[in-house]
Amino acid sequence: QQHAKVYNKFNGIDGAALRDSTALLADAGGKLCDETRRLPLLDITSFEVSQVIVHHILDYVFYKEGGRSHPAGVSFGNTIFDEVEPETSTAVAAAARPVVTPSGTEVVLSDGLSDSEEDDHVIEVRRPASAEEGPPEPKRRRRTENEATLQNGQQLQASAGPGTSGLRLEADIDQLISLQRPGGGTSNSAQLLVSRGEDSSSKSQFRPTGMQMTVHLALVNGTYASFTAQQFVEFVQIHWRKFGFFPHPAVLRGLFGWDFGTRGLSILHFARVMELEKRERVRRSDMSNFSKKNTVPVPSEVTDFATLAGAVDVLSNVTRQLYQPAVNEALEAASTFLTELRVSEIPTSAAALAEITAWIDDRLELFRVFIADESWAQVSAIKAHFSASHESFVRVHQLILRQDIVSALKATKSGSSRNDRASRGAGTDKRVFIPQEIRKALPKQGNKQICLHFLSAQGCRGKNGNCIINSLCHFKPATLSDAVRGFIAENYGGLATDMQ
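For the sequence shown, the residue numbers in our numbering are 27 to 526.
Pasting the structure below:
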């Protein structure tokens, strides 16, 4: 995986650590990153969005959080939001500032290049001194939101180019920012917004894989891109009423990595739930354990079209608030398509709904597939799959129709068999309880009792003189008790002619 390769080189895993983003991205086949650009980061200690330079972010994570020696003149504040002026620039500015004598003249020191001994003393130049220079104006580290938004928009427009390459650039930058030394830890909650890592001391925390992080950063919108994995899943769980589905920790893990299809997440996990149902399910679930030990629950089988359409609407609402427009457009297209499908002639049996559900899960899984392949144009084209004319749905539709025909044939055959049995007599399929005293009075041949159907006018369906029940047999008894005769007459339509 390219992300893992860059991550390992940045952090010095299995080799020397490398800070140069140009070399990192070039080696991984990625596009160059503009380190002069500012990115919005949320400081959760003050809930204020700050615009921080990418170069400072990478230096802070690499040198300070990584515990490496700082380059000359480079220093850092207590948090990633504190941008400190380089010491070298301050020293140069101080050296360049002229020395002013009490008489109001500037003092120029000898450069030591003259051969004359007279040049060893200080030369006063009668030049009016400029107004007293104050300390350099401190560098602003926060800008207004409108200015930041405008600058970021212009930079993204200039770098994105045609099509969806802007989405790829955003993913590259976010992935590079997310690099952090393993086990380095952070000193406060604000730094967690950049580290992407989690507290290793808690076994119930969510630790996404590199691919899950790559997919998440490519799909989530900018407002939530700064959240750590744990913060993201807990944010969605806290605001479950805003979205409407049951916020099981394992489902939220799957949502973070967009693990639809093969990895077990289904659109049915987003079926709408009411407050009472939510309470009952909370009692049966561990809602605070976000680790892999808390496995994904099996969703309930869909029994009606409304449940499936409702689940798509819920996920559409989730993507509208948390994800990029391309993701929400695909879910909106799915919702519109299901509305049209609902009034069509397509079968809506349980088997048919299961096939449609699996097809939707497969379409959503394509987001992860195309992002892994870096096929950004195809990511934006997924919404076109939700159409009755798309080849993937045509195959599903044909499968549903075949299943419906097979079910109809089975039902017809089953009905015909029932009619045939009914035509042979209403009592044929009637199960009769045989009292113990009648069983004892029945004639036996060896260890097998005689078949009552064989003695009756209905007859037994066995062939070649054998009964269909292995524990019974067919033979003509010498005598029958009155109790047996009466029981046969009452329950089996009387004795057979040759038995009277």
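All C-beta atoms, glycine included, are put in the ideal place defined by N, C-alpha and C.
Whether residue i touches residue j by CB criterion (8 angstroms)
i: R383; j: L334; result: Just to set this straight, residue 383 is Thr in the shown sequence, not Arg. It is a contact, given that the beta carbons lie within the stated cut-off.
i: P323; j: S292; result: no
i: F331; j: V259; result: no
i: V340; j: G270; result: yes
i: L278; j: Y349; result: no
i: Q238; j: G290; result: no
i: L65; j: L58; result: no
i: H82; j: T62; result: no
i: E381; j: L425; result: yes
i: S401; j: F363; result: no
i: S342; j: N354; result: yes
i: E327; j: A378; result: no
i: T39; j: V78; result: Checking the sequence, you will find Ile at residue 39 rather than Thr. No. Outside cutoff.
i: A43; j: G92; result: yes
i: S406; j: A352; result: yes
i: A276; j: T321; result: yes
Assigned secondary structure, residue i (DSSP; H/G/I helix, E/B strand, else coil)
i: D60; result: coil
i: S482; result: strand
i: D524; result: helix
i: S241; result: Per the sequence shown, the amino acid found at residue 241 is Val instead of Ser. If DSSP states are grouped into helix, strand and coil, V241 belongs with the helices.
i: F412; result: coil
i: P323; result: coil
i: F286; result: strand
i: K90; result: helix
i: E132; result: At E132 the pLDDT is 48, less than 50, meaning the model places this residue with poor confidence and gives no usable figure here.
i: R310; result: coil
i: V395; result: helix
i: H147; result: In this prediction, H147 has a pLDDT of 46, which is less than 50 and means its spatial position is unreliable; what the coordinates show is noted afterwards. Coil at H147, not helix or strand.
i: D85; result: helix
i: P503; result: coil
i: P275; result: helix
i: D69; result: strand
i: V246; result: strand
i: L281; result: helix
i: L468; result: coil
i: A43; result: coil
i: R487; result: coil
i: R298; result: strand
i: R421; result: helix
Contacting residues, own chain, Cβ-Cβ under 7 angstroms from residue i (five flanking each side not counted)
i: S507; result: A467
i: H411; result: R389 and S418
i: F513; result: I464
i: P503; result: P469 and I476
i: T345; result: V353, N354 and L357
Neighbourhood of residue i by C-beta, 6 angstroms cutoff - its chain only, sequence neighbours within 5 removed
i: L88; result: In the sequence as displayed, the identity of residue 88 is Phe instead of Leu. Only R45 meet the Cβ criterion.
i: A540; result: Since the displayed the chain opens at 27 and closes at 526, residue 540 lies outside it and no answer follows.
i: I408; result: A356 and L392
i: V32; result: L50 and A54
i: V75; result: P66 and L68
Run of the beta strand (DSSP E) containing residue i, from where it starts to where it stops
i: E74; result: E74 to I79
i: I476; result: K474 to I476
Unbroken alpha helix (DSSP H) run spanning residue i, endpoints
i: Q350; result: Premise fails: Q350 is in no alpha helix (DSSP H) and is neither H nor E.
i: N37; result: Q28 to N37
i: G512; result: D508 to N517
i: R267; result: W266 to F269
i: L50; result: S47 to A54
i: V405; result: W402 to S406
i: Q231; result: Neither: Q231 is in no alpha helix (DSSP H) and is coded neither H nor E.
Close Cβ partners of residue i (< 8 angstroms) along its chain, the five nearest in sequence each way excluded
i: G491; result: H500
i: T523; result: A483
i: D387; result: F286, G287, L291, S292 and I293
i: P273; result: V262, Q263, W266 and M313
i: P97; result: Y89
i: Y518; result: G453, V458, L478, H479, L481, S482, A483 and Q484
i: W385; result: S418, F419 and V422
i: I11; result: Not covered by the structure: residue 11. The range shown for the chain is 27 to 526.
i: N34; result: D40 and G41
CB contact below 8 angstroms: residue i versus chain C
i: G488; result: Going by chain labels, chain C is absent from the structure shown, which holds only one protein chain.
Counting Cβ pairs, one atom from each stretch, are 3 or more of them under 8 angstroms apart for the stretch 494-510 and the stretch 468-478? yes
Would you check if there are 3 or more beta carbon pairs closer than 8 angstroms linking the stretch 240-254 to the stretch 290-303? no
Contact between the stretch 422-436 and the stretch 474-490 is defined here as three or more beta-carbon pairs at a separation below 8 angstroms; is this criterion met? no
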